[in-house]
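Peer 1:
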Amino acid sequence: MVDKKGGYVPELVSELPIERLSHDGRGIARHKGKTVFVEGALAGEVVSIHITKTHRRFDEAVCEVVHSQSPDRVTPSCEYYQQCGGCGLQHLTLERQREVKQSALVDQLERFGKLTDIPVQAMLADAPWGYRRKARLGVKWSRQEELIIGFREKGSSHLVSIQHCAVLHPELSAIIPSLYQLIPELESRRTIGHLELAHSDEGCALVVRHLKALSHKDQMLWLNWAEEHSIQLYWQKDQADSLVKACLEKGKPVMLSGDDLPVLSYRHNDVTLTFQPNDFIQVNPAINQQMVNQALEWLQLKESDVVLDLFAGFGNFSLPLAKKVASVTGVEGAANLVRQARVNAKLNGIENAFFEAADLSQAFKGLSWAKTRYNVVLLDPPRTGAQTICEQMKSLGAKKVLYVSCNPSTLARDSAILAEQGFRLVKAGIMDMFPQTAHVESMALFERSGKKKKKQA
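In terms of our numbering, the sequence shown opens at residue 167 and continues consecutively.
The structure is reproduced here in structure tokens:
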């Protein structure tokens, strides 16, 4: 609907039946011949909705009133749930959340991977709350001069002001109220870009992204706050490589950087992994531990195996694998993570793990690490998947490929490519890395069949 000034007015639709759930947990209905994706509605319900966005083939809407309630509906635990875009499935039972995620994996593999009789394994799951050990908080000021610290609203770039977060590690969540007391006292209160929270074996850390240099007054305010709350404090200017550790020495601010920059760490599988607070890490430590254990179990590694770990990060998979095999080569696109992986290998006394930097979205033929023949390839790509790698998989000589995915649709696409390369799917399953959200993490094991799949006419 359009008003007299040409602006869009959300259309109200009353008593619309919801047919099923989409892969992202939204209700699916039909209205005026179009599919409607309804935020907050569940299968089997009758709801009234506001259509918020219209497209040529489908519309998007939010649920306003539930007239007939699904038995799978529960009351969200979080007071910010209706506005905050951090979690999208709190109104759905945990059991049903996990069923939706598993169905999404199977459906994508069947529809786009052209696979049948998918060998689905038991899911990996753990605590549904307080699991997240890393998060980024936005910082803004409203027109009414109110400080807003929080996550983005659903379907918007605006922030929701929060005082706590139920999915954050409790020690991280407990930091938030004190920030509302500190930031208004800063001279730089309007030039704080965002805050990054991280939890490690050393405790809590905070990265302050600031757009202008911090005055001495602000430095002391931050440092006294960090000391009071036992938080490791880091500052970062607008450049990505400008991270410094801030601390007090004899009552004066001191900044550590470069080789002097201390690290955070976590431990699993008898390996200590160090990282910087703004590095990418697996945010759910319990599922990360289970995930690495499952990788080791599924691969059934031998001491003679030569393994290639693609998108290796700072060694989360590489180093535990290296303890079981002849050698591991980890390849990662971010040079800083490659450096950290080498440090971690040395820290753990692992001499058979080697790390290289390479753009894994490009063809790798001719690169030194790609000239080796590998028994096993493990890959853990971003949401865009690993199409280029899968198209070249046969050249690496691997008999087994373990694919860790954060997007079922790109996993399905890449599964079809691997089938063309002569691999068959032998195991697949989800890992509930992000409870209360529709985000689906999964793992799939492929083995070389020896015969190239014939293309269907």
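Every residue gets a Cβ at the ideal spot worked out from N, C-alpha and C, and that includes glycine.
This structure is a prediction, so every number in the text was calculated from the model and none was measured.
Relative to the C-alpha of K593, which residue among R355, R192, H197, V272 is closest?
Peer 2: Taking the sequence shown and counting its residues from 1, the one referred to as residue 593 is at position 427. Among R355, R192, H197, V272, the Cα nearest to that of K593 is on V272.
Peer 1: Tell me the rounded alpha-carbon separation between V326 and N390.
Peer 2: As a first step, residue 326 must be located in the sequence shown, where it is residue number 160. As a first step, residue 390 must be located in the sequence shown, where it is residue number 224. If you take the alpha carbons of V326 and N390, they lie about 27 Å apart.
Peer 1: For a quick check, are the C-beta atoms of L544 and D475 less than 8 Å apart?
Peer 2: Within the sequence shown, the letter at position 378 stands for residue 544. Within the sequence shown, the letter at position 309 stands for residue 475. It is a contact, given that the beta carbons lie within the stated cut-off.
Peer 1: Can you grab the Cα-Cα spacing for the pair M609 / E312, in whole Å?
Peer 2: In the sequence shown, residue 609 corresponds to position 443, counting from 1. In the sequence shown, residue 312 corresponds to position 146, counting from 1. Approximately 44 Å, taken between the alpha carbons.
Peer 1: Name the DSSP bridge partner or partners of F520?
Peer 2: Along the sequence shown, one-based indexing puts residue 520 at 354. T495.
Peer 1: Could you compute how far the alpha carbon of A552 sits from the alpha carbon of L281?
Peer 2: What you label residue 552 is simply residue 386 of the sequence shown in a count that begins at 1. What you label residue 281 is simply residue 115 of the sequence shown in a count that begins at 1. Distance between the alpha carbons of A552 and L281: 18 Å.
Peer 1: Excluding five sequence neighbours on each side, which residues of the same chain lie with their C-beta closer than 6 Å to the C-beta of M457?
Peer 2: Stepping through the sequence shown from its first residue, residue 457 is reached at position 291. Cβ within range, chain order: M597.
Peer 1: Are there 16 or more other CB atoms within 10 angstroms of the CB of A623, so buried, or fewer, so exposed?
Peer 2: As a working note, residue 623 is residue 457 in the sequence shown. Because A623 sits at a pLDDT of 43, beneath the cut-off of 50, its placement in the model cannot be relied upon, and the following sentence gives the value as read from the coordinates. Counting Cβ neighbours within 10 Å, A623 comes out exposed, since fewer than 16 surround it.
Peer 1: Classify D283 as buried or exposed, calling it buried when 16 or more other Cβ atoms lie within 10 Å of its own Cβ.
Peer 2: For the purposes of this step, residue 283 is identified with residue 117 of the sequence shown, where counting begins at 1. D283 is exposed by the Cβ-count criterion.
Peer 1: Please confirm whether K588 and S615 have their CB atoms less than 8 Å apart.
Peer 2: To locate residue 588, count along the sequence shown from 1; it is residue 422. To locate residue 615, count along the sequence shown from 1; it is residue 449. For the sequence presented, residue 588 should be read as Gly rather than Lys. Contact: yes.
Peer 1: Using 8 Å for Cβ pairs, my map puts L387 next to V373. What's the rounded Cβ distance?
Peer 2: As a first step, residue 387 is located in the sequence shown; it is residue number 221 there, counting from the start. As a first step, residue 373 is located in the sequence shown; it is residue number 207 there, counting from the start. Actually they are not in contact, since the Cβ atoms of L387 and V373 sit about 16 Å apart, beyond 8 Å.
Peer 1: Are there 16 or more other CB atoms within 10 angstroms of the CB of F441, so buried, or fewer, so exposed?
Peer 2: In the sequence shown, counting from the first residue as 1, residue 441 sits at position 275. The residue is buried, with at least 16 neighbouring Cβ atoms inside 10 Å.
Peer 1: Take every Cβ of the segment 213-221, pair it with every Cβ of the segment 574-586, and state whether three or more of those distances are shorter than 8 Å.
Peer 2: Flag = no, the segment 213-221 and the segment 574-586 do not touch.
Peer 1: Can you look up L272 in the DSSP assignment and give me helix, strand or coil?
Peer 2: Within the sequence shown, residue 272 is the residue found at index 106, counting from 1. Note that residue 272 corresponds to Val in the displayed sequence, not to Leu. The answer is helix: DSSP assigns V272 an H, G or I state.
Peer 1: By how many angstroms is the C-alpha of W464 removed from the C-alpha of G279?
Peer 2: Within the sequence shown, residue 279 is the residue found at index 113, counting from 1. Within the sequence shown, residue 464 is the residue found at index 298, counting from 1. Each residue's Cα considered, the two are about 21 Å apart.
Peer 1: Does the segment 550-569 touch the segment 253-262, meaning 3 or more C-beta pairs lie closer than 8 Å?
Peer 2: Because the criterion of three Cβ pairs below 8 Å is not met, the segment 253-262 and the segment 550-569 do not touch.
Peer 1: D238 to L208, Cα distance in whole Å?
Peer 2: By 1-based counting over the sequence shown, the position of residue 238 is 72. By 1-based counting over the sequence shown, the position of residue 208 is 42. Distance between the alpha carbons of D238 and L208: 8 Å.
Peer 1: In three-state DSSP terms, what is K383?
Peer 2: Position 217 of the sequence shown, counted from the first residue, corresponds to residue 383. Of the three classes helix, strand and coil, the one that applies to K383 here is helix, per DSSP.
Peer 1: Mind checking who A401 pairs with in its DSSP beta bridge?
Peer 2: Reading the sequence shown from its first residue, position 235 is the one you call residue 401. Checking the sequence shown, residue 401 turns out to be Trp, not Ala. Paired residue(s): V374, V410.
Peer 1: Between H335 and R299, which are expected to be in contact by the criterion C-beta below 8 Å, what is the C-beta distance as a whole number of angstroms?
Peer 2: Along the sequence shown, one-based indexing puts residue 335 at 169. Along the sequence shown, one-based indexing puts residue 299 at 133. Correct: roughly 5 Å between the Cβ atoms.
Peer 1: Just verifying my parser: in three-state terms, what is the DSSP assignment at L427?
Peer 2: If you number the sequence shown from 1, residue 427 lands on position 261. It is coil, neither helix nor strand.
Peer 1: Which stretch, first to last residue, makes up the alpha helix (DSSP H) that contains I161?
Peer 2: In this structure the chain extends from 167 to 623, so residue 161 is not present and cannot be described.
Peer 1: Between which two residues does the alpha helix (DSSP H) containing S575 stretch?
Peer 2: Numbered from its first residue, the sequence shown carries residue 575 at position 409. Per DSSP, S575 belongs to the alpha helix (DSSP H) from 574-586.
Peer 1: Does the distance from the CB of N502 to the CB of T438 come in under 8 Å?
Peer 2: Taking the sequence shown and counting its residues from 1, the one referred to as residue 502 is at position 336. Taking the sequence shown and counting its residues from 1, the one referred to as residue 438 is at position 272. Not a contact, by the Cβ cut-off of 8 Å.
Peer 1: Applying the criterion that 16 or more other CB atoms from any shown protein chain within 10 Å of the CB defines a buried residue, is P451 buried or exposed?
Peer 2: Numbered from its first residue, the sequence shown carries residue 451 at position 285. Buried, by the Cβ-count rule.
Peer 1: Which of helix, strand or coil does DSSP assign to K512?
Peer 2: Position 346 of the sequence shown, counted from the first residue, corresponds to residue 512. DSSP places K512 in helix when its eight states are reduced to three.
Peer 1: Alpha carbon to alpha carbon, how far is S408 from A582? Give it in angstroms, no decimals.
Peer 2: To locate residue 582, count along the sequence shown from 1; it is residue 416. To locate residue 408, count along the sequence shown from 1; it is residue 242. Taking the straight line from one Cα to the other gives about 42 Å.
Peer 1: Spatial neighbours of Q402 within its chain, please: CB distance less than 8 Å, with the 5 preceding and 5 following residues excluded, ordered by chain position.
Peer 2: Here residue 402 refers to the residue found at position 236 when the sequence shown is read from its first residue. So the qualifying residues of the chain are V373, V374, R375, H376, S408, L409, V410, N444.
Peer 1: Three-state secondary structure (DSSP) at C556?
Peer 2: As a position in the sequence shown, residue 556 is number 390, starting the count at 1. In this structure, C556 counts as helix in the three-state DSSP scheme.
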